[in-house]
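See structure below.
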Amino acid sequence: MANELAPSGVRQALVFGASGITGYALLKQLLVYPTPTTFSRVIGLTRRSLRTDVAQLPDDHRIELYSDLDLTDREQTLFHLQHIPGIKETTHVFYAAYAGHGTDYQELKRVNCEILTNAVGTCEIVCPKMQFFTLQTGGKAYGVEFSDKVPYNPPLSESLPRIPEPYASNIFYYAQHDIMLRASAHKPWTFCEIRPDAIVGFVPQNNAMNIAQGLGLFLSLYRSTEGEGSTVVFPGSESAWNALHTDTSQDILARFHIYASMMPEATSGRAFNVVDGPATTWREVWPELCAYFGLMGVGPTASGEISSAQEWMEGHRSDWAKWTSANQLKTGALEGTSWKFMQDVIGIPFRRDYDASASRSIGFEVVRAHAQGYYLAFDEMRRARIIP
Numbered sequence: 001m002a003n004e005l006a007p008s009g010v011r012q013a014l015v016f017g018a019s020g021i022t023g024y025a026l027l028k029q030l031l032v033y034p035t036p037t038t039f040s041r042v043i044g045l046t047r048r049s050l051r052t053d054v055a056q057l058p059d060d061h062r063i064e065l066y067s068d069l070d071l072t073d074r075e076q077t078l079f080h081l082q083h084i085p086g087i088k089e090t091t092h093v094f095y096a097a098y099a100g101h102g103t104d105y106q107e108l109k110r111v112n113c114e115i116l117t118n119a120v121g122t123c124e125i126v127c128p129k130m131q132f133f134t135l136q137t138g139g140k141a142y143g144v145e146f147s148d149k150v151p152y153n154p155p156l157s158e159s160l161p162r163i164p165e166p167y168a169s170n171i172f173y174y175a176q177h178d179i180m181l182r183a184s185a186h187k188p189w190t191f192c193e194i195r196p197d198a199i200v201g202f203v204p205q206n207n208a209m210n211i212a213q214g215l216g217l218f219l220s221l222y223r224s225t226e227g228e229g230s231t232v233v234f235p236g237s238e239s240a241w242n243a244l245h246t247d248t249s250q251d252i253l254a255r256f257h258i259y260a261s262m263m264p265e266a267t268s269g270r271a272f273n274v275v276d277g278p279a280t281t282w283r284e285v286w287p288e289l290c291a292y293f294g295l296m297g298v299g300p301t302a303s304g305e306i307s308s309a310q311e312w313m314e315g316h317r318s319d320w321a322k323w324t325s326a327n328q329l330k331t332g333a334l335e336g337t338s339w340k341f342m343q344d345v346i347g348i349p350f351r352r353d354y355d356a357s358a359s360r361s362i363g364f365e366v367v368r369a370h371a372q373g374y375y376l377a378f379d380e381m382r383r384a385r386i387i388p
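Residue 132 in full-length UniProt numbering is what sits at position 132 of the sequence shown, and the numbering runs on without skipping anything.
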């Protein structure tokens with residue numbers, strides 16, 4: 001059973017993974033949502049350095065950033081947090097950290113369970129006033145990676161059972177949820193699990209696995225190379241063109257983290273899908289994204305030959321430096337983007353849409369057209385001089 005929530009103005013937030021796509025959005029939303037005075041202080045923790053001047057965060061004295069946190073080292077994590085002035089006043093913890101990208105399933109599970117265990121254990125020591133802890137996971141909880149091998153019945157609902165073995169052992173989200181159940185049992189704090197679909201958003205530092213960053217750069221360079229009004233063939237199959245999905249804007253996701261943390265009586269121990277709105281398809285969204293850049297987006301070719309944005313970008317690698325310089329853009333964004341990730345997400349040939357009824361049932365009614373989330377991210381990329 002969680003403590004009675006602290007009154008507005010004495011709540012303090014701690015964000016793990018503050019330089020990532022969710023953590024960055026949390027830093028900003030915690031200043032204004034649900035009101036501009038809900039949180040008196042927002043502490044962001046990152047592994048890589050994130051200076052406030054580079055972060056493009058609001059000029060607000062409540063935000064504090066602490067970098068060089070290695071969550072794989074429990075002693076160092078404890079030492080690091082113990083030396084943050086006033087850390088003991090923390091009431092709400094938001095966890096959006098991730099490690100081990102590119103490793104095999106078991107190593108991914110080991111390292112992500114380790115960093116979560118260290119984060120929770122440290123918070124229990126240094127944050128005696130902790131009331132709520134949000135854990136972010138995602139679509140892997142539904143077996144999306146093994147959709148051809150396990151029962152898979154979209155729209156994907158939180159009430160679905162875990163996928164069967166041997167595949168379940170490869171889903172580190174299950175192990176993380178169990179860690180939270182054990183850690184919070186009979187404690188004065190509680191938690192919930194939050195599951196976004198593909199996250200659409202912006203970060204000021206490079207984020208290789210960011211679908212909006214990849215598409216923004218691809219479509220910007222395409223326009224510069226091919227000209228305004230050019231036709232852009234959807235870089236995927238007919239199946240991918242028509243497959244239902246439900247994107248999640250980073251600011252809506254951050255708001256749900258906060259919303260859920262404010263009502264433990266309704267969210268304790270539960271998992272919640274978070275999406276922008278009703279399911280959509282690339283058939284609907286692709287022309288709208290291309291239009292933002294003055295291009296005409298069309299579906300797959302009649303011949304069935306699949307166009308590849310990844311191949312197009314890599315084929316124009318020799319143009320990157322000149323394009324960046326000519327438009328006075330921030331260097332490193334093109335080189336730091338995973339074109340394979342972008343192509344893989346666009347090319348998913350089966351439906352993966354979420355059922356959002358659980359989050360709606362507790363009063364979270366925020367709805368946005370899916371293309372709008374991309375527009376907001378592209379606008380931020382322009383302000384940051386990542387695209388012209």
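The beta-carbon is built from N, C-alpha and C at its ideal position, and this holds for glycine as well.
Name the two residues that bound the continuous beta strand (DSSP E) containing residue i.
i: T134; result: 132-136
i: V120; result: Premise fails: V120 lies in the alpha helix (DSSP H), 105-126, not in any beta strand (DSSP E).
i: M296; result: 296-298
With burial defined as no fewer than 16 other Cβ atoms inside 10 Å of the residue's Cβ, what is the status of residue i: buried or exposed?
i: A291; result: exposed
i: I163; result: buried
i: R51; result: exposed
i: G373; result: buried
i: I125; result: exposed
i: A185; result: exposed
i: D197; result: buried
Straight-line CA distance for residue i to residue j?
i: A266; j: E145; result: 30 Å
i: P85; j: D148; result: 50 Å
i: Q82; j: K187; result: 21 Å
i: A96; j: S318; result: 36 Å
i: P204; j: A55; result: 6 Å
i: S220; j: P388; result: 7 Å
i: P34; j: S303; result: 51 Å
i: S19; j: A326; result: 28 Å
i: E311; j: Q328; result: 25 Å
i: R41; j: A309; result: 42 Å
i: A2; j: G236; result: With a pLDDT of 41 at A2, under the threshold of 50, the modelled position of that residue is not reliable, and no figure is offered here.
i: P58; j: V150; result: 45 Å
i: L31; j: E238; result: 43 Å
i: W339; j: R368; result: 27 Å
i: E64; j: F256; result: 22 Å
i: Q29; j: D251; result: 7 Å
i: K140; j: V233; result: 29 Å
i: H101; j: G363; result: 35 Å
Going by C-alpha to C-alpha distance, which of the options sits closest to residue i?
i: S230; options: I346, Y167, G294; result: G294
i: W323; options: A271, F218, M342, T301; result: F218
i: W282; options: S318, R352, A321, P264; result: R352
i: M342; options: A326, Q372, G216; result: G216
i: P166; options: R223, Y105, T46, S49; result: Y105
i: P155; options: S325, N206, E228, D355; result: D355
i: T38; options: A25, T91, F191; result: T91
i: A13; options: L26, T22, I21; result: L26
i: Q176; options: R110, F132, P161; result: R110
i: S268; options: R48, V120, L135, E228; result: L135
i: Q131; options: R74, F191, Y173; result: F191
i: N118; options: M180, K140, S357; result: M180
i: P36; options: D68, R11, G201, Q76; result: R11
i: L69; options: L78, R47, E75; result: R47
Run through DSSP, which three-state label would residue i get?
i: V367; result: coil
i: C192; result: strand
i: V285; result: helix
i: V32; result: coil
i: S49; result: coil
i: Q310; result: helix
i: R352; result: coil
i: M1; result: The predicted position of M1 is uncertain, since its pLDDT is 35 and thus under 50; a value taken from the coordinates is nonetheless stated next. DSSP places M1 in coil when its eight states are reduced to three.
i: H177; result: helix
i: A384; result: coil
Say yes only if the C-beta of residue i is nearer than 7 Å to one or more non-hydrogen atoms of the ligand HEM, and no if none qualify.
i: L219; result: By its list of ligands, the structure shown contains no ligand whatsoever, and the ligand HEM lies outside what it can speak to.
Determine the extent of the alpha helix (DSSP H) in which residue i is found, giving its start and end residues.
i: Y66; result: Counting along the chain, Y66 falls outside any alpha helix (DSSP H), though it belongs to the beta strand (DSSP E) covering 63-66.
i: Q250; result: 250-261
i: H80; result: 74-82
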